[in-house]
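My numbering numbers the first residue of the sequence shown as 18 and each following residue consecutively.
So the structure is just underneath, and the comments pick up after that.
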Amino acid sequence: MGPINTNEKGTGTSERFSSSKGFILAAIGSAVGLGNMWKFPYITGENGGAAFFLLFIACLVAVGLPVLLAELSIGRAGRGSAASSFVKAGGGRIWGKLGFISVIAPFLIMTFYILVAGWTLHYAVLSFSGQMTAGVDFDAQFVKFTGSYLPLVWAFVAMAIVALVVIKGISGGIEKFNKILIPGMLVLLVILMIRSITLPGAMEGVNFFLAPDFSKLTPEAGLVALGHAFFSLSLGMGTMITYGAFVDRNQSLGSATLAVGVGDLIYAFIAGLIIFPTTFAFGIDPSSGPGLVFVALPAAFSAMPLGWLFGGLFFVLLAIAALTSLVSLLQVPVTHAMEKWNWSRNNAVWIISLLIFLVSIPSALSMGLMKINIGERNFFDYVDFFASNWLLPIGGLIVTLFAGYFWKTAAKEAGLTTKWFRIWLFMLRYVAPILMIFVFLHSTGILKFE
Ligand code: PFF
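Written as structure tokens, this is what we have:
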């Protein structure tokens with residue numbers, strides 16, 4: 018295939034990742050995100066450490082990987098957007114309509130994900146410029162920052178970086194970006210892990226993370242682990258369907274699925290080996306919730322020698338994790354707009370990015386400047402709740418039901434041996450949908466354990 022003008026109208030999904038390695042790194046980039054570095058440590062802290070980690074691995078293997086393979090296969094078979102791929106892969110038109118949920122969901126996720134990405138950029142600057150020193154009230158600092166207009170400035174910067182990458186196309190933008198940053202992230206992770214586990218008192222944190230306490234394993238923890246396995250692998254959001262649409266025919270999707278699962282786990286594991294030793298070494302409660310990363314950890318960094326450097330590197334790491342996920346999210350509505358409305362890539366990227374930024378404004382303001390509450394949640398929480406707890410499981414369920422029950426050429430597209438195909442189909446038919454319905458009922462508050 019000759020060079021492709023990415024700005025040509027209607028090029029849709031005619032582009033390809035230029036190599037297997039590039040595709041796998043991009044998919045790992047999508048999977049490894051704030052979920053691994055920010056959410057995984059605190060939910061592990063809240064749910065008993067190592068036992069929860071084992072549960073997370075079980076969910077990842079039993080449900081996450083089968084659905085990931087299904088998404089990649091649907092994308093490659095259909096070579097369309099997250100909506101049209103279902104139809105082009107052989108499904109009826111209704112599947113295209115259902116798939117549209119997976120075009121809306123990433124749009125909404127992005128409106129708050131870019132805000133948190135912006136926070137990480139701001140904190141990296143704070144740290145490098147020496148403003149995160151001992152004696153600062155980090156709680157008050159965080160509240161003051163999120164209550165100001167500054168998060169919007171940083172969200173704009175984050176959105177602009179993401180747009181500039183996606184505008185360059187699949188192989189020239191997304192693939193190149195990930196090829197540099199995913200290995201870069203590993204280097205940062207290892208440096209920070211060494212710093213963290215050599216702190217005095219760090220071993221207590223390592224033990225908490227690695228010695229399982231099975232008494233903490235409640236059914237509730239199971240559903241949290243499952244929901245997180247889904248979020249962590251970027252499922253139910255159309256991203257893996259979309260990436261699949263750009264993958265070469267000769268790529269083994271089974272081995273790509275495995276590589277992404279292992280990559281996601283390794284990055285989450287090392288993140289745990291940074292966060293827990295640091296929190297324990299400084300006497301911080303690892304279950305201190307979402308504020309763990311932006312309030313508790315800055316306090317820890319400010320108290321260690323060269324803390325500005327390690328703190329700065331830590332927030333750069335978070336920013337990279339966020340940006341490589343964001344590029345995959347933006348590509349979903351961009352692909353849809355290029356294909357369905359015949360927009361050029363340039364127009365699709367700029368218009369959609371601008372819309373995302375505009376919709377993120379009420380979320381940003383709702384954290385302080387203007388309390389926009391819907392029920393007991395502010396606007397930011399509400400969008401997160403709706404996208405993560407409603408749209409994501411529904412999107413995932415659509416994929417499982419389609420691939421498990423309605424897709425006649427699934428075996429051929431996934432390229433599995435008969436034995437693995439049977440296992441895959443069993444998971445897609447009986448295990449994944451049932452568990453996902455439970456996750457959905459639980460995370461939306463319909464099902465309660467008491
Ligand atoms: N997997 C990303 C994380 O763990 O942070 C988040 C994410 C990215 C979810 C892309 C969904 C998605 F489509």
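For glycine and all other residues, C-beta sits at the position ideal for the given N, C-alpha and C.
Predicted model, so just to flag it, every value in this text is computed and none were measured.
In the structure shown, Asn267 falls within a coil segment according to DSSP collapsed to helix, strand and coil. When C-beta atoms of the region 313 to 324 are compared with those of the region 148 to 161, three or more pairs fall below 8 Å, so the two segments count as touching. Assignment of Asn195 by DSSP, reduced to helix, strand and coil, places it in the helix class. Annotated three-state conformation of Arg93 is helix, per DSSP. Under the three-state reduction of DSSP output, Thr235 falls in the coil class, being neither helix nor strand. Between ligand 1 and the CB of Met254, the shortest heavy atom gap is smaller than 7 Å.
About 6 Å separates the beta carbons of Leu409 and Ala122, which is inside the 8 Å limit, making them a contact pair.
At a Cβ-Cβ threshold of 8 Å, Ser345 and Ser251 count as neighbours. At a Cβ-Cβ threshold of 8 Å, Val179 and Leu343 count as neighbours. Put simply, the backbone Cα of Gly62 is about 5 Å away from that of Ser304. Of the residues Lys38, His353, Gln158, Arg33, the one whose Cα lies closest to the Cα of Ser272 is Lys38.
When DSSP states are grouped into helix, strand and coil, Phe117 belongs to the coil group. Judged by DSSP in its simplified three-state form, Gly65 adopts coil rather than helix or strand.
For the set Gly462, Ala427, Gly432, Phe145, the Cα lying nearest the Cα of Arg446 is the one of Ala427. In this structure, DSSP gives Trp360 a state outside helix and strand, which the three-state scheme calls coil. Here the distance from the Cβ of Asn53 to the nearest heavy atom of ligand 1 is below 7 Å. Shortest Cα-Cα distance from Asp401 to any of Asn64, Ala48, Leu132 involves Leu132.
Around the beta-carbon of Thr235, fewer than 16 other beta-carbon atoms lie within 10 Å, marking it exposed. DSSP places Asp156 in the uninterrupted alpha helix (DSSP H) bounded by 155 to 163. Between the beta-carbon of Phe299 and that of Ile187 there is about 43 Å, and that puts the pair past the 8 Å contact cut.
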